[in-house]
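For the sequence shown, the positions run -22 to -1, 1 to 91 when mature numbering (1 follows the signal peptide of the UniProt record, and there is no 0) is used. Beta carbons are placed, not taken as given, at the ideal position from N, Cα and C, and that holds for glycine. Since the structure comes first, as structure tokens, the remarks are kept for the end.
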Amino acid sequence: MFTNKRVLGVVAAVLVSGAAFGAEVPASFDAKNCKAEYPKASLMNEEQGTVSMSFLVSASGDVKDSKVEKSSGFKNLDKAAIKSLSACKFKPGSKDGAPAETWTKVDYAWKLD
């Protein structure tokens, strides 16, 4: 039964692959203040996994676009992570020291303890 399970969501930001432009810094966010709620069906089925996502973050810190790069293996977990993290306010990335629209990659690990 899932009622005794402790739910853990772990977020790890990963560098944007476009960092080869030299002075580009990807957007970031505070993982402590931005968490996804474990989908009830996923809890009941004891689904776990890590979803890798990319977010296009505007110069003002809002998410303009998002996509799943690598699935957790469970559609409900992928959708919940994209939905929750897309609503987060990001610290904008920068190019040559000025705030700019950038892509950033985020891994979100769904774990049951």
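Discussion item. Taking the alpha helix (DSSP H) that Asp56 belongs to, which residues open and close that run?
Written reply: Position 78 of the sequence shown, counted from the first residue, corresponds to residue 56. Looking at the DSSP string, the run of the alpha helix (DSSP H) that includes Asp56 is 53 to 64.
Worksheet item: In whole angstroms, what is the alpha-carbon distance linking Ala9 and Lys45?
Response: Translated into the one-based positions of the sequence shown, residue 9 becomes position 31. Translated into the one-based positions of the sequence shown, residue 45 becomes position 67. If you take the alpha carbons of Ala9 and Lys45, they lie about 18 angstroms apart.
Worksheet item: Can you tell me where the alpha helix (DSSP H) with Ser20 in it begins and where it stops?
Response: Working through the sequence shown from its first residue, we reach residue 20 at position 42. First-last of the alpha helix (DSSP H) with Ser20: 18 to 22.
Worksheet item: Straight-line CA distance for Glu79 to Val35?
Response: As a working note, residue 79 is residue 101 in the sequence shown. As a working note, residue 35 is residue 57 in the sequence shown. Computed Cα separation, rounded: 6 angstroms.
Discussion item. Can you look up Ala14 in the DSSP assignment and give me helix, strand or coil?
Written reply: On the sequence shown, position 36 is the one that residue 14 refers to. Correct three-state label for Ala14: coil.
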